[in-house]
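A.B. asks: I'd like to ask you about the structure that follows.
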């Protein structure tokens, strides 16, 4: 009989029940291997296990057939989806006495793609072996792997949408074995085999189809698992051209570089996780501040890194591109992972992912603490993330919630000349209170829901809403002892411990509708989608100077309340012509409104007597829009050429706006030219190459003196990317990328009172941007040996990152950074043990470098010349993890 | 330099991206100090007020000018900061374009240059400068702290003789040009025009003590003596003469700063 597995867990139970209760048949090999029967000699296989066969020794114990323990669903070959078929591949499987699959051969082929997918899947299955009495015996079983199309339409119009292949499960549904059979049915006429449904991973299919350009990268879970990652931010390194550092400790957002952009904490990258945007507009520490610390690496199913701004769905901060963390857990069950390691690091991870439920349904939590790899780097954090996916064919939805808190010490930065002279250690902190009192506390709570309705002709309606509350209190000191109080100029020399507070309540909504596919001619078909997004942010900000260690406030720099509103609208076309040409794109426009209550605005320190009440309230509103389009040409099935152009924007820091100012957006114009080559039905080899040119009307760089981003004027990036992924065998995953970038300043820096004639040469490099970023990931995962009733499997992986010398201001160059990480693990039944090593060569490197003036001595004449400062990267770090999956 | 080459190698190898700089390189800066041979100075007698007071000893009531001979003028100089802003000062000049952190002492009567100290300079134009005369008041200190190299702990040690007619006396002044509050400088802002282009930079600071002295009212000094027989006069910190020297060094008679870029040290 053919068993249809609607959900793996139910199927497993059903299969076990049926195997026990029915006359499912298997051949007991015993000591005499009867050999693999001919495919046609089905009756030879169907040894009756339930009743002694005629002539059989009545003393023989009944054969209890093998039972499925784990049966990961096969993957429907994406390349065959357009055909709209639902074939059944019949396999003849040899199950050993230990329950391991010993041999598989195709008995009834349905083509190379389906055969391979079925074989690969069944090889991963585990069985409770067949038994005769108390003895486990080898057996042969016939397994029918039935491939079904997704129960909903593929969301993007493709060939299948215009061929009458709409999936109607009811038409193809076969009666379940549990359903009453018709009277008179002879079970011997049924196919007494196990079966499984192969459901296409709809999300994976959608993700691939959403890739618009050659620079639109999806990093799947297999690639993410190759190399170890301390946190979700480090996962971004697997994407081409991305470099991630965390120079300000575990409670402050990462510093991210992508494609010639030093995005700082997110100013040039639109980042989302679980459908909720993470960037925070007008954040005091950095425009577009996006802290990825709350994302647990274990719940990241895939990463989509869209380099460039060519998609009308991309909104604010999508200057270099956008990043989306898709959350989900492939491993199911109750999972516990306990980690110990270097520097007193302890982490406890706990997750529950119900078997049979969707991958996007899970609950996970983690607690982590560490003493840190150097002085003043201890941290603690706690995270809870939960999602529930619901719905079926027509309606689907996801509920998401996250709670997060982290507190960490900051070591801040060190002058390189102090390190070189031995006045301070590379991993130390300046031994003065304004340095040792640096710390940060970050919290986040968010709730989101998305609903999606899919029609029979690929039309789709989506709606979503989210609510988030974030908080950051950061105390940092980049400059030592240089500040003077503005409120009372007699207060000086108390240390530049700069406290920044950003407290935000944010909420947003989105809605979109895609029309049914339209085919005006046989060679042309397409659709259009229109949508809107909106977000409202209510922000309280404050910046003070504190005297450590008692944290007395001795100066106030910022005290403001902001209200920002962003309403975006877009239209997105998707049209195919003659099967080789695809045009996607449209327009996007955003309206941004600001209300700023700057309670310290108009404050003039000491030079004028008080003649007014300090404070400056103002409002501003602006409109920005632009086109985005990509042309994709696919001359042959494995090769696609892309040409793209797009215009995006970044909103300004609200407090820089004047009354009634038409909001001065930083506008970006970007162009891409690329090619993608795919080899193999399972993407055994993918090669992507692209060149890009991006111009930004107003760029911003981090100024340590103010600990904020300051404008520098227009800039241009010119670069190229090469990205290769390979899965030559199912157990081996490899990827590598090289990204070149040249970032230049297009005009003299903005004059200031302190620097009214800034030097400028055409073609002057933008500091901090690395010209070359390399990344390689290689990993292998394989079953090793059957032992103790379970399969022992192993996994090893290596990740390598290289950052070339980055230009710094004032003619300096940072040292290149080369980091090698590796991990290995063994898994046996429900137990897993793994080790991870980071920076295996124990390289002493700077996670980030700046160039500015500072004074850390209280007795020596201070230098006012800008000089190199560094934030140390972590030395060799070792972690060991014990995991249990129930 | 090697890192720049490495950067160029990668970019040139792909024949896609050129090499470049972020602008503003750093160059070594040599700072020298020199004085001015003053010889015998003629300091005019100030016009008396109207109505003129009755002149009596110890004042010198004769007509004519004072002849002043300087015997010692040791001046401490440093630290020095040159700024891109039109006016210097900690708030307008958070980062300097050139600086010398050393303190040196110059015989301001000797025109031969001596090395004051070494510093660094960035590419660019300086339009102002600020400095101390060997006595600094850091932000983190509660009072002015003289550099050990400052002569006697003072900014200027001045000795000389003033003669007019039958009146002659030796005078001494130990002048401290101090910042008015912590974090400021003895000379808060002085105009400078200097373009730094590298690769070797030099700066010459020329002191003219005769100009400092020319503003002293020696008639008042003579009148301020205890008696006509007093021949050693020390300028008290509260005296007009002391204040005259202070203002001259701090504002009205600043040393000149000139220099040049050169291809060789």
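Protein chains in written order, with our numbering: chain A, 1 to 886; chain B, 1 to 265.
In this text, a Cβ means the ideal position worked out from N, Cα and C, and glycines have one as well.
1. Roughly how many whole angstroms lie between the Cα atoms of residue 613 of chain A and residue 116 of chain B?
2. Below 8 Å on C-beta distance, what does residue 200 of chain B contact in chain A?
3. Taking 7 Å as the CB-CB cut-off, is residue 194 of chain B touching chain A?
4. Is there a C-beta anywhere in chain A that falls below 7 Å from the one on residue 182 of chain B?
5. Could you tell me if residue 340 of chain A is buried or exposed, where buried requires 16 or more neighbouring beta carbons within 10 angstroms of its beta carbon?
6. Looking at residue 438 of chain A and residue 477 of chain A, is the spacing between their C-beta atoms short of 7 Å?
7. Relative to the C-alpha of residue 88 of chain A, which candidate in A:65, A:99, A:119 has its C-alpha closest?
8. Roughly how far, in whole angstroms, is the beta-carbon of residue 772 of chain A from the beta-carbon of residue 740 of chain A, given that I think they are within contact range, below 8 Å?
9. Considering only the beta carbon of each residue, do residue 218 of chain A and residue 239 of chain A sit closer than 7 Å?
10. On the three-state DSSP scale, how would you describe residue 246 of chain B?
11. Determine, for residue 9 of chain A, whether the minimum Cβ-Cβ distance to residues of chain B falls below 7 Å.
12. With DSSP as the reference, label residue 68 of chain A as helix, strand or coil.
13. Report the residue from A:76, A:569, A:135, A:226 whose alpha carbon sits nearest the alpha carbon of residue 779 of chain A.
14. From the DSSP secondary-structure annotation, give me the bridge partner or partners of residue 649 of chain A.
15. Please state the DSSP three-state secondary structure of residue 419 of chain A.
16. Three Cβ pairs or more, each shorter than 8 Å: is that satisfied between the stretch 169-176 of chain B and the stretch 187-196 of chain B?
17. Using a Cβ-Cβ cut-off of 7 Å (strictly less than) and excluding sequence neighbours within five positions of residue 871 of chain A, which residues of its own chain qualify?
18. DSSP has residue 83 of chain B in a bridge; who is on the other side?
19. By the three-class DSSP mapping on this structure, what secondary structure does residue 828 of chain A have?
20. So what does residue 788 of chain A bridge to, in DSSP terms?
21. Is the beta carbon of residue 751 of chain A less than 7 Å from the beta carbon of residue 760 of chain A?
22. Using a Cβ cut-off of 9 Å, which residues of the stretch 88-112 of chain B contact any Cβ in chain A, in chain order?
23. Which chain A residues are close to residue 79 of chain B, counting only those with a beta carbon under 8 Å from its beta carbon?
24. Taking three-plus beta-carbon pairs below 8 Å as touching, is the stretch 708-721 of chain A in contact with the stretch 244-263 of chain A?
25. Kindly indicate the opening and closing residues of the alpha helix (DSSP H) around residue 120 of chain A.
26. For residue 139 of chain B, go through chain A and note every residue whose CB falls closer than 9 Å to its CB, in chain order.
27. Check for me: the beta strand (DSSP E) holding residue 395 of chain A runs from which residue to which?
28. So is residue 488 of chain A in contact with chain B if we call contact Cβ pairs under 7 Å?
29. For residue 754 of chain A, which residues in chain B fall below 9 Å Cβ to Cβ?
30. Does the beta carbon of residue 135 of chain B come closer than 7 Å to any beta carbon on chain A?
31. Could you pull out every residue in the same chain whose Cβ sits closer than 8 Å to the Cβ of residue 532 of chain A, ignoring the five residues on either side in sequence?
32. For residue 204 of chain B, which residues from the same chain have a beta carbon less than 7 Å from its beta carbon, with the 5 sequence-adjacent residues on both sides left out?
33. Run through the DSSP bridge pairs and tell me what residue 579 of chain A is partnered with.
34. Leaving out five residues on either side along the sequence, give the residues of the same chain with a beta carbon under 8 Å from the beta carbon of residue 66 of chain A.
35. Would you identify the three-state DSSP class for residue 554 of chain A, choosing helix, strand or coil?
36. Return yes when the C-beta of residue 595 of chain A is under 6 Å from any heavy atom of the ligand COA, and no when it is not.
C.D. replies: Put simply:
1. As a position in the first chain, residue 613 of chain A is number 613, starting the count at 1. As a position in the second chain, residue 116 of chain B is number 116, starting the count at 1. Roughly 49 Å between the two C-alpha positions.
2. Here residue 200 of chain B corresponds to residue number 200 of the second chain, with the count starting at 1. In chain order: nothing, as chain A lies at least about 15 Å away.
3. Along the second chain, read from residue 1 onward, the residue named residue 194 of chain B stands at position 194. No, because no Cβ of chain A sits closer than 7 Å to the Cβ of residue 194 of chain B.
4. For the purposes of this step, residue 182 of chain B is taken as residue 182 along the second chain, with counting starting at 1. So yes, residue 182 of chain B belongs to the interface.
5. Translated into the one-based positions of the first chain, residue 340 of chain A becomes position 340. By the neighbour-count rule (16 or more Cβ atoms within 10 Å), residue 340 of chain A is not buried but exposed.
6. For the purposes of this step, residue 477 of chain A is taken as residue 477 along the first chain, with counting starting at 1. For the purposes of this step, residue 438 of chain A is taken as residue 438 along the first chain, with counting starting at 1. Result yes, Cβ atoms of residue 477 of chain A and residue 438 of chain A sit closer than 7 Å.
7. Stepping through the first chain from its first residue, residue 88 of chain A is reached at position 88. It is A:119 whose Cα lies nearest to the Cα of residue 88 of chain A.
8. Reading the first chain from its first residue, position 772 is the one you call residue 772 of chain A. Reading the first chain from its first residue, position 740 is the one you call residue 740 of chain A. Rounded, the Cβ-Cβ distance is 6 Å, consistent with contact.
9. For the purposes of this step, residue 218 of chain A is taken as residue 218 along the first chain, with counting starting at 1. For the purposes of this step, residue 239 of chain A is taken as residue 239 along the first chain, with counting starting at 1. No, the pair does not count as a contact, with Cβ atoms beyond the cut-off.
10. For the purposes of this step, residue 246 of chain B is identified with residue 246 of the second chain, where counting begins at 1. It is helical.
11. In the first chain, the residue the question calls residue 9 of chain A occupies position 9. Confidence at residue 9 of chain A is low in this model, with a pLDDT of 32, below 50, so its placement is unreliable and the value that follows should be read with caution. No, residue 9 of chain A does not count as interfacial toward chain B.
12. In the first chain, the residue the question calls residue 68 of chain A occupies position 68. If DSSP states are grouped into helix, strand and coil, residue 68 of chain A belongs with the strands.
13. Here residue 779 of chain A corresponds to residue number 779 of the first chain, with the count starting at 1. Ranking A:76, A:569, A:135, A:226 by Cα distance to residue 779 of chain A puts A:226 first.
14. If you number the first chain from 1, residue 649 of chain A lands on position 649. Bridge partners of residue 649 of chain A: A:667.
15. Within the first chain, numbered from 1, the residue matching residue 419 of chain A stands at position 419. Of the three classes helix, strand and coil, the one that applies to residue 419 of chain A here is helix, per DSSP.
16. No contact exists between the stretch 169-176 of chain B and the stretch 187-196 of chain B.
17. Numbered from its first residue, the first chain carries residue 871 of chain A at position 871. Excluding positions up to five away in sequence, the list reads 247, 413, 846, 847, 848.
18. Within the second chain, numbered from 1, the residue matching residue 83 of chain B stands at position 83. According to DSSP, which records beta bridges pairwise, residue 83 of chain B is partnered with B:128.
19. As a position in the first chain, residue 828 of chain A is number 828, starting the count at 1. Residue state, collapsed to three classes: strand.
20. Mapped onto the first chain, residue 788 of chain A falls at position 788. Its beta-bridge partners do not exist; DSSP assigns none.
21. Against the first chain, residue 751 of chain A aligns to sequence position 751. Against the first chain, residue 760 of chain A aligns to sequence position 760. No.
22. 90, 91, 92, 93, 94, 95, 96, 97, 98, 99, 101, 102, 103
23. In the second chain, residue 79 of chain B corresponds to position 79, counting from 1. Neighbours of residue 79 of chain B on chain A, chain order: 861.
24. yes
25. To locate residue 120 of chain A, count along the first chain from 1; it is residue 120. It spans 112-123 - the alpha helix (DSSP H) in which residue 120 of chain A sits, taken as one unbroken run.
26. In the second chain, residue 139 of chain B corresponds to position 139, counting from 1. Simply 481, 482, 483, 484, 492, 493, 494, 855, 858, 862.
27. Here residue 395 of chain A refers to the residue found at position 395 when the first chain is read from its first residue. That run of the beta strand (DSSP E) goes 395-409.
28. Position 488 of the first chain, counting from 1, holds the residue named residue 488 of chain A. Residue 488 of chain A does not count as touching chain B.
29. For the purposes of this step, residue 754 of chain A is identified with residue 754 of the first chain, where counting begins at 1. By Cβ distance, chain B contributes 83, 84, 85, 91, 92, 93, 94, 95.
30. Here residue 135 of chain B corresponds to residue number 135 of the second chain, with the count starting at 1. Output row for residue 135 of chain B: interface = no.
31. Locating residue 532 of chain A in the first chain gives position 532, counting from the first residue. Contacts found: 510, 511, 512, 567, 568, 569, 570.
32. Within the second chain, numbered from 1, the residue matching residue 204 of chain B stands at position 204. Cβ contact annotation for residue 204 of chain B (same chain, cutoff 7 Å, sequence separation greater than five): 32, 34, 113, 258, 259, in chain order.
33. Here residue 579 of chain A refers to the residue found at position 579 of the first chain. Residue 579 of chain A is not bridged to any residue.
34. Position 66 of the first chain, counting from 1, holds the residue named residue 66 of chain A. Non-local C-beta neighbours of residue 66 of chain A in its own chain, meaning closer than 8 Å and more than five positions away in sequence, comprise 19, 26, 95, 99, 127, 128, 129, 130, 139, 141, ordered along the chain.
35. In the first chain, counting from the first residue as 1, residue 554 of chain A sits at position 554. Of the three classes helix, strand and coil, the one that applies to residue 554 of chain A here is strand, per DSSP.
36. Inclusion of the ligand COA in the displayed structure is not the case, the ligand content being empty and no account of it being possible.
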